[in-house]
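The structure appears right after this line, and notes come after that.
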Amino acid sequence: MAIKNVTDQNFTEETAEGLVLADFWAPWCGPCKMIAPVLEEIDGEMEEKVQIVKLDVDENQETAGKFGVMSIPTLLLFKDGEVVDQVIGFQPKEALTDIINKHA
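When you number the sequence shown by numbering that gives the first Met the number 0, it's gap-free, plus one each residue, and the end is 103.
Shown next, in the form of structure tokens:
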């Protein structure tokens, strides 16, 4: 599975089933640009465990507000529609894969 871009309209639907890592980001955010290739790697290696979605907070403020996202990047890990973990700021790949494996 490839990383999907989601919006306020389809966010709930896209995070409703299974394990989903949601990246709240913006195009102007430096750390967001740094974490993007890390997420691509994780997607390639762990696609059977987790789906990764990206939500542009500038264009989708309703969803960002709903989850209290104040800093970006914020990564929320959903399991069957419920937030089970949260990471704020850039994280190395190992830290993110550990979080995913903890809930997989």
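For glycine and all other residues, C-beta sits at the position ideal for the given N, C-alpha and C.
Inter-residue Cα distance where the pair is residue i and residue j
| i | j | result |
| --- | --- | --- |
| leucine 74 | isoleucine 87 | 6 Å |
| valine 68 | glycine 43 | 26 Å |
| aspartate 84 | serine 70 | 16 Å |
| cysteine 28 | threonine 96 | 22 Å |
| aspartate 57 | valine 5 | 13 Å |
| valine 82 | lysine 101 | 13 Å |
Nearest-angstrom Cβ-Cβ length linking residue i and residue j, presumed shorter than 8 Å
| i | j | result |
| --- | --- | --- |
| glutamate 13 | valine 19 | 7 Å |
| isoleucine 98 | methionine 45 | About 11 Å separates the two Cβ atoms, so there is no contact after all. |
| glutamate 47 | aspartate 7 | The pair is not a contact, with the Cβ atoms about 28 Å apart (cut-off 8 Å). |
CB of residue i within 8 Å of CB of residue j, strictly
| i | j | result |
| --- | --- | --- |
| cysteine 22 | lysine 53 | Note that residue 22 is aspartate in the sequence shown, not cysteine. Their beta carbons are under 8 Å apart, which means aspartate 22 touches lysine 53 by this criterion. |
| proline 72 | isoleucine 34 | yes |
| alanine 15 | glycine 80 | yes |
| aspartate 55 | alanine 25 | yes |
| proline 30 | phenylalanine 66 | no |
Same chain, Cβ closer than 7 Å to residue i, five either side skipped, listed in chain order
| i | result |
| --- | --- |
| leucine 38 | Ile2, Asp22, Ile51 |
| lysine 92 | Val37, Glu40, Ile41 |
| lysine 32 | none |
Sequence-distant residues of its chain with Cβ nearer than 6 Å to residue i (five each side left out)
| i | result |
| --- | --- |
| valine 49 | Leu18, Leu20, Ile99 |
| phenylalanine 77 | Thr14, Val19 |
Own chain residues within Cβ distance below 8 Å of residue i, not counting five before or after
| i | result |
| --- | --- |
| alanine 94 | Val86 |
| phenylalanine 10 | Ala21, Val52, Leu54, Asn59, Thr62 |
Which parts of the stretch 32-78 are runs of the beta strand (DSSP E), unbroken and 3 residues or longer, counting only runs that do not cross its ends? As far as the stretch 32-78 is concerned, its whole beta strand (DSSP E) runs of at least 3 residues are 50-55, 73-78.
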